[in-house]
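In my numbering, the protein residues as written are 21 to 84.
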């Protein structure tokens, strides 16, 4: 994965997690590394691409 990806989610907070970097990308979305604020636990967060977010069948497929 290229370190040069510019993404508005990088550095942002999602709930208790701070998104630190993109670790993967596919046709339907991206996977981010994030750090849990209180514990410092490192997790992966999968985010569907905006262009698919309104299609219920694609959302179901994304999480399958």
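No residue lacks a Cβ here, since even glycine has one placed at the ideal position from N, Cα and C.
Everything numeric in this text was worked out from a predicted model, so none of it was measured.
About 5 Å separates the Cβ atoms of residue 39 and residue 54, confirming a contact at the 8 Å cut-off. Residue 49 has 68 as its beta-bridge partners, per DSSP. Approximately 11 Å separates the beta-carbon atoms of residue 67 and residue 44; this is outside 8 Å, ruling out the contact. Our two residues, residue 72 and residue 83, have alpha carbons roughly 12 Å apart in a direct line. If you compare the alpha carbons of 46, 47, 65 with that of residue 33, the shortest gap goes to 65. Here residue 36 carries a coil assignment [DSSP, helix/strand/coil].
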